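Presented below is the structure to which this report refers.
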Amino acid sequence: MRPPHERRILTAAVLAGLVCGCLSMLFATTILAVVRPKVMTLPVALAIWGVAGLAAAAFCWSPGTPRQIWGRAALTMGLHALALPVAAAIAFAATGIWPPPETADLGLSLNIFGARLVGSPTTVRLGFGGFVLGLILVAIGDRALQARDIPDRRRSRAGRLFR
Numbered sequence: 009m010r011p012p013h014e015r016r017i018l019t020a021a022v023l024a025g026l027v028c029g030c031l032s033m034l035f036a037t038t039i040l041a042v043v044r045p046k047v048m049t050l051p052v053a054l055a056i057w058g059v060a061g062l063a064a065a066a067f068c069w070s071p072g073t074p075r076q077i078w079g080r081a082a083l084t085m086g087l088h089a090l091a092l093p094v095a096a097a098i099a100f101a102a103t104g105i106w107p108p109p110e111t112a113d114l115g116l117s118l119n120i121f122g123a124r125l126v127g128s129p130t131t132v133r134l135g136f137g138g139f140v141l142g143l144i145l146v147a148i149g150d151r152a153l154q155a156r157d158i159p160d161r162r163r164s165r166a167g168r169l170f171r
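Residues 9 to 171 (the working numbering) are what the sequence shown spells out, left to right.
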């Protein structure tokens with residue numbers, strides 16, 4: 009049986025790998041569904057999920073306190089989630105080049121500097137949700153990884169007028 013410390017590292021790494029693999033698969037699916045719909049098949053999606061998940065799990069697999077371990081996992085997942093608005097923007101631009109007929113009536117067309125951007129409501133929700141989830145997870149991970157041992161001069165003098 010593994011010690012509890014190793015189980016925590018393993019649990020955090022597996023969770024981060026599963027979530028980051030899923031977010032990477034959503035990133036690739038969002039873009040490839042517009043650009044090359046026939047390329048995005050189930051084996052391709054599972055391969056993307058597996059490779060990205062293993063890479064994220066390997067990044068999170070390092071020793072530290074439970075706070076540092078889960079902070080690294082949250083930061084990794086948050087940075088992957090922040091990539092989803094980029095995928096949505098790429099899908100919008102690519103849809104403007106190859107517009108599908110079902111998006112013509114949705115009112116999601118936009119012309120910016122001569123570039124036509126067209127998207128579906130799902131792409132908008134995915135981009136917005138990824139942005140919000142990414143900000144929350146990055147804030148949690150950053151807060152968890154901040155060093156508490158280093159005294160801050162401004163904090164130690166808080167409330168004092170002299171000396």
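Note that CB positions come from ideal geometry on N, CA and C, so glycine has one too.
All values reported here derive from a predicted model rather than from experimental measurement.
The Cβ-Cβ distance between Thr-84 and Ala-24 falls below 7 angstroms. Taking one beta carbon from each stretch, the region 40–59 and the region 82–97 have fewer than 3 pairs nearer than 8 angstroms; the two do not touch.
Rounded to the nearest angstrom, the gap between the Cα atoms of Ser-70 and Asp-150 is 17 angstroms. Ranking Arg-80, Cys-30, Thr-131, Ala-64 by CA distance to the CA of Ala-97 puts Thr-131 first. Annotation: Arg-75 to Ala-147 spans about 14 angstroms, alpha carbon to alpha carbon. Residue state for Ser-32 is assigned as helix, using DSSP reduced to three classes. Between Ala-36 and Trp-78, the alpha-carbon positions lie close to 26 angstroms from each other. Given a length threshold of 4 residues, each whole run of the alpha helix (DSSP H) inside the region 28–92 is given here in chain order: 50–68, 74–89. Under the 10 Å beta carbon count, Leu-34 is surrounded by 16 or more other beta carbons and is classified as buried. Excluding residues up to 5 positions away in sequence, Thr-84 lie with their Cβ nearer than 7 angstroms to the Cβ of Phe-67 in the same chain.
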